[in-house]
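Chemist: For the record, in the sequence shown the residue sitting at position 16 is 16 according to the UniProt record's numbering, with numbers rising by one throughout. Okay, handing you the structure first.
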Amino acid sequence: MERIVTVVPEDGLHARPASKFVETANSFDAEISLGRADDGDLVPAASMLAVTGLGVSHGEEVKLVAEGDDAEAALDALEAVLSTPEGGDDE
Numbered sequence: 001m002e003r004i005v006t007v008v009p010e011d012g013l014h015a016r017p018a019s020k021f022v023e024t025a026n027s028f029d030a031e032i033s034l035g036r037a038d039d040g041d042l043v044p045a046a047s048m049l050a051v052t053g054l055g056v057s058h059g060e061e062v063k064l065v066a067e068g069d070d071a072e073a074a075l076d077a078l079e080a081v082l083s084t085p086e087g088g089d090d091e
């Protein structure tokens, strides 16, 4: 399964948003990858270094790809993380 999502947090996928994204990805029984929507290169969503290394900014579109038992639930949860402004749900 795959999904295209626009990154809403102002810091993009850096620092806290990336940490929350990776923590969420690691909570599912699925192989999850992430990359820019306009680029074919995907990185493991479970790797903080790989996720921050993409340098994704606010407003960019990313592609999420998930395979496994929890694939759809994982995509739903990760889309929620990427679609929530920083501080929108826990501050």
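Glycine is no exception: its CB is placed at the ideal position from the N, C-alpha and C atoms.
1. Quick check: the Cα distance between residue 10 and residue 27, rounded to an integer number of angstroms?
2. Among the residues of its own chain, which have a CB less than 7 angstroms from the CB of residue 13, if the five just before and after it don't count?
3. In chain order, what residues of the same chain have a beta carbon less than 7 angstroms from the beta carbon of residue 59, not counting five sequence neighbours either side?
4. To the nearest angstrom, how far is it from the Cα of residue 34 to the Cα of residue 40?
5. On the DSSP letters alone, give me the boundaries of the alpha helix (DSSP H) that residue 23 sits inside.
6. Check the C-beta distance from residue 1 over to residue 73 and give it rounded, since I have them as a contact under 8 angstroms.
Modeler: So, from the listed chains and residues:
1. In this model, residue 10 and residue 27 are separated by some 24 angstroms (Cα to Cα).
2. Within the same chain, residue 13 has close Cβ partners 7, 21, 51, 52, 54 and 56.
3. Excluding positions up to five away in sequence, the list reads 6 and 7.
4. Between residue 34 and residue 40, the C-alpha separation is close to 10 angstroms.
5. First-last of the alpha helix (DSSP H) with residue 23: 15-26.
6. Wrong, their Cβ atoms sit about 10 angstroms apart, outside the cutoff.
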